[in-house]
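Residue numbers (my numbering), protein chains in the order written: chain A, 20 to 157; chain B, 20 to 157; chain C, 449 to 527; chain D, 449 to 527.
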Amino acid sequence: MIDVIISEETLDPLKCAQLAQHPATGGTVQFIGTVRNNTKGKNVVRLEFEAFKSMAVSEMEKIAQQVVKNWGAYAVVIHHRVGVLAIEDIAVIITVATPHRKAAFEACEYAIDTLKQTVPIWKKEIFEDGEVWVAAHP
Amino acid sequence: MIDVIISEETLDPLKCAQLAQHPATGGTVQFIGTVRNNTKGKNVVRLEFEAFKSMAVSEMEKIAQQVVKNWGAYAVVIHHRVGVLAIEDIAVIITVATPHRKAAFEACEYAIDTLKQTVPIWKKEIFEDGEVWVAAHP
Amino acid sequence: MKLKIVAFGIAKEIMDGKTHELELEASTIGELKKYLCEEYGDFQKLNSLAFAVNEEYQDGTYVLSENDEVVLIPPVAGG
Amino acid sequence: MKLKIVAFGIAKEIMDGKTHELELEASTIGELKKYLCEEYGDFQKLNSLAFAVNEEYQDGTYVLSENDEVVLIPPVAGG
């Protein structure tokens, strides 16, 4: 089961866990990415996420398919939020359910690492005295 | 922040994630252990969990303290259920929030691996034609 | 020496009850374990049998005191 | 050749707008990239600049067609 969405609404870890539920699962691992209050010691006021939505969904689906293929996952749920987020808001939830737990840890970490490299989503950090597109510059 | 409980009530991933919330967290990893419908191909009807409660809480607190010490976790939340559980019910949720996500994956996996080795909780699998104390015999 | 034994999981079934009072010569947990394995042969079939006193694991060298409460911990299986 | 350019993130700011129509001699993405980096010097300061056509990443050898919609993908930062 693969469930991938980009949403402007609050993300819900319980809902993701329920979507990933499978009767033969021995371990479900969930990564929850939240907005940090600082970057290199500088206070963050809020974040703005922007996505190239159709391609982002397609790239997230590729990741989910790799996880199913390489780790035998029963379920991969990737929910990413866009829009304006406050400190502590959830930006992404990745939930992976596998027959045994070791695979779920590996696969979930692979999924978030890959998402950060390939999925066309951009993040602007707004500080008290300016703003920065994350990762844009060396 | 350390929050460790043994409960006879349904466990809630959202509640655990909220308890583990910290404004400086860059990554939260949650392990959700559910009841599998089979063991080595044999249908499981239900599970019964029993704990030596006071010592189990104390051993879970030791694990949480190690995670704080070794991975710099902001929050470690370990909720374990006891009593009679049906297939797909959640038996345990371990939630770890760290400054960076790699540590959260490592620490959460360490916590569930160690919990399964040291915490005095026992599990009886009830099949259609009998029952077995898990891991008791070679 | 008088000891209180508390048995969980399969140990409870092997001893046919959760709590027991024992009067025996054992002075260490190692000796207590030897006694229990002789008295209840099914303990020898387990993967392991650990002991706790005051909610801490204790090994075979632990010296018992009169009226200690000793908890029998067969192989754990949480999670 | 007529191309439609769609710019996201910092690329949108560098080009001062999300969508642009270009009329240029470029026949590959490599040539388009060269043109954009000359026209908008700030692209050269980025960690990377990738391109997508039909929602797939395409490298510099990709041959453009009349009226292609090319999406500019500056360094991504999801999660």
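Every residue, glycine too, gets a C-beta built ideally from N, C-alpha and C.
Quick one: using the 10 Å Cβ neighbour count with 16 as the cut-off for buried, is residue 88/A buried or exposed? Here residue 88/A corresponds to residue number 69 of the first sequence, with the count starting at 1. By the 10 Å Cβ count, residue 88/A comes out exposed.
Chain D within 8 Å of residue 73/A, Cβ atoms only: Looking up residue 73/A in the first sequence gives position 54. It does; some Cβ of chain D falls within 8 Å.
What residue range does the beta strand (DSSP E) around residue 53/B cover? As a position in the second sequence, residue 53/B is number 34, starting the count at 1. Unbroken beta strand (DSSP E) run through residue 53/B: 46-53.
Give me the chain A residues within the contact set of residue 503/D, using Cβ-Cβ distance strictly less than 7 Å, ordered along the chain. Residue numbering aside, residue 503/D sits at position 55 when the fourth sequence is read from its first letter. Going along chain A in sequence order, the residues near residue 503/D (Cβ under 7 Å) are 73, 74 and 77.
What in chain B is Cβ-close to residue 494/C, meaning under 7 Å? Within the third sequence, residue 494/C is the residue found at index 46, counting from 1. Ordered by position in chain B, the residues that pass the 7 Å Cβ test against residue 494/C are 155 and 156.
Going straight from the alpha carbon of residue 50/B to that of residue 125/B, what length do you get? Sequence index remark: in the second sequence, residue 50/B carries index 31 (1-based). Sequence index remark: in the second sequence, residue 125/B carries index 106 (1-based). In a straight line, the C-alpha of residue 50/B is about 11 Å away from that of residue 125/B.
Proximity of residue 155/B and residue 515/C at Cβ, strictly below 8 Å: As a first step, residue 155/B must be located in the second sequence, where it is residue number 136. As a first step, residue 515/C must be located in the third sequence, where it is residue number 67. Contact: no.
Can you pull the chain C neighbours of residue 138/B, defined as C-beta to C-beta under 9 Å? For the purposes of this step, residue 138/B is taken as the residue at position 119 of the second sequence. Result: 524, 526 and 527.
Does any CB atom of chain D fall closer than 8 Å to the CB of residue 69/A? For the purposes of this step, residue 69/A is taken as residue 50 along the first sequence, with counting starting at 1. By this cut-off, residue 69/A is an interface position.
Measure the C-alpha to C-alpha separation of residue 141/B and residue 110/B and round it to an integer number of angstroms. What you label residue 141/B is simply residue 122 of the second sequence in a count that begins at 1. What you label residue 110/B is simply residue 91 of the second sequence in a count that begins at 1. Each residue's Cα considered, the two are about 12 Å apart.
Whose C-alpha, out of 147/A, 92/A, 146/A and 132/A, is nearest the C-alpha of residue 39/A? Along the first sequence, read from residue 1 onward, the residue named residue 39/A stands at position 20. Per the Cα distances, 92/A.
Opening and closing residue of the beta strand (DSSP E) in which residue 499/D lies: Counting from one through the fourth sequence, the residue named residue 499/D turns up at place 51. Element bounds for residue 499/D: 498-501.
Closer than 7 Å by beta-carbon distance: list the chain B residues that pair up with residue 458/C, in chain order. As a working mapping, residue 458/C is identified with position 10 in the third sequence. By Cβ distance, chain B contributes 152 and 155.
Top-ranked residue by Cα proximity to residue 457/D, from 81/A, 67/A, 147/A and 33/A: Walking along the fourth sequence from the start, residue 457/D turns up at place 9. With distances taken between Cα atoms, residue 457/D lies closest to 67/A.
C-alpha distance - residue 75/B paired with residue 152/A, whole-angstrom precision: Locating residue 75/B in the second sequence gives position 56, counting from the first residue. Locating residue 152/A in the first sequence gives position 133, counting from the first residue. Their backbone Cα atoms lie some 47 Å apart in a straight line.
Below 8 Å on the Cβ atoms is my contact criterion, and I expect residue 527/C with residue 134/B to pass it. Report the Cβ-Cβ distance as a whole number of Å. Taking the first residue of the third sequence as position 1, residue 527/C is located at position 79. Taking the first residue of the second sequence as position 1, residue 134/B is located at position 115. The pair is a contact, with the Cβ atoms about 5 Å apart (cut-off 8 Å).
How about residue 63/A and residue 55/A: are their beta carbons less than 8 Å apart? The residue given as residue 63/A occupies position 44 in the first sequence. The residue given as residue 55/A occupies position 36 in the first sequence. It is a contact, given that the beta carbons lie within the stated cut-off.
Would you verify that the beta carbon of residue 104/B is, or is not, closer than 8 Å to some beta carbon of chain A? Here residue 104/B is taken as the residue at index 85 of the second sequence, counted from 1. So, not an interface residue.
Which residues mark the beginning and the end of the beta strand (DSSP E) in which residue 89/A is found? Start at 1 with the first residue of the first sequence, and residue 89/A comes out as number 70. Note, residue 89/A: premise wrong, no beta strand (DSSP E); alpha helix (DSSP H) at 72-90.
Using a beta-carbon distance cut-off of less than 7 Å, what residues from the stretch 24-45 of chain B approach chain A? 31, 32, 33, 36, 40, 42, 43, 44 and 45
Mind reading off the beta-carbon distance from residue 521/D to residue 499/D? Whole number of angstroms is fine, and I expect it under 8 Å. Residue numbering aside, residue 521/D sits at position 73 when the fourth sequence is read from its first letter. Residue numbering aside, residue 499/D sits at position 51 when the fourth sequence is read from its first letter. The pair is a contact, with the Cβ atoms about 7 Å apart (cut-off 8 Å).
Rounded separation between residue 519/D and residue 453/D - CA only: Within the fourth sequence, residue 519/D is the residue found at index 71, counting from 1. Within the fourth sequence, residue 453/D is the residue found at index 5, counting from 1. So the two alpha carbons sit approximately 6 Å from each other.
Using the Cβ count rule (16 or more neighbours within 10 Å means buried), how would you classify residue 58/A? Position 39 of the first sequence, counted from the start, is the residue given in the question as residue 58/A. Per the 10 Å Cβ criterion, exposed.
Residue 99/A, buried or exposed, once every other Cβ within 10 Å from all chains shown has been counted against 16: Taking the first sequence and counting its residues from 1, one reaches residue 99/A at position 80. Looking at its Cβ environment, which holds 16 or more other Cβ atoms inside 10 Å, residue 99/A is buried.
Let me check you understand the geometry: is the CB of residue 87/A closer than 7 Å to at least one non-hydrogen atom of the ligand GTP? Inclusion of the ligand GTP in the displayed structure is not the case, the ligand content being empty and no account of it being possible.
By the criterion of Cβ-Cβ separation under 7 Å, what are the contact partners of residue 51/B in chain A? In the second sequence, residue 51/B corresponds to position 32, counting from 1. Those within 7 Å of residue 51/B in chain A are 36, 47 and 49.
State yes or no: is the C-beta of residue 53/B within less than 8 Å of the C-beta of residue 53/A? The residue labelled residue 53/B in the question sits at position 34 within the second sequence. The residue labelled residue 53/A in the question sits at position 34 within the first sequence. No, they are not a contact pair.
So with CB distances below 9 Å, who are the chain C contacts of residue 111/B? Locating residue 111/B in the second sequence gives position 92, where the first residue counts as 1. Near residue 111/B (Cβ distances below 9 Å), the residues of chain C are 526 and 527.
Relative to the alpha-carbon of residue 20/A, which residue among 117/A, 143/A and 137/A has its alpha-carbon at the smallest distance? For the purposes of this step, residue 20/A is taken as the residue at position 1 of the first sequence. Out of 117/A, 143/A and 137/A, 117/A has the C-alpha closest to the C-alpha of residue 20/A.
As assigned by DSSP and simplified to three states, the class of residue 131/B: One-based indexing of the second sequence puts residue 131/B at position 112. Here residue 131/B sits in helix by DSSP.
Close-in-space but distant-in-sequence residues of the same chain around residue 508/D (CB under 6 Å, 5 per side omitted): Along the fourth sequence, one-based indexing puts residue 508/D at 60. Within the same chain, residue 508/D has close Cβ partners 477 and 478.
Residue 122/A: buried (16+ other C-beta within 10 angstroms of its C-beta) or exposed? On the first sequence, position 103 is the one that residue 122/A refers to. Buried is the call here.
Look up residue 68/A in the DSSP assignment and say whether it is helix, strand or coil. Position 49 of the first sequence, counted from the start, is the residue given in the question as residue 68/A. In this structure, residue 68/A counts as strand in the three-state DSSP scheme.
Taking its Cβ as the centre, do 16 or more other Cβ atoms sit within 10 Å of residue 97/A, making it buried, or is it exposed? Residue 97/A sits at position 78 when you count from the first residue of the first sequence. Buried: at least 16 other Cβ atoms inside 10 Å.
Grab the span of the beta strand (DSSP E) containing residue 505/D for me, first residue to last. Position 57 of the fourth sequence, counted from the start, is the residue given in the question as residue 505/D. First-last of the beta strand (DSSP E) with residue 505/D: 504-506.
Residue 453/D CB to nearest chain A CB: under 8 Å? Position 5 of the fourth sequence, counted from the first residue, corresponds to residue 453/D. By this cut-off, residue 453/D is not an interface position.
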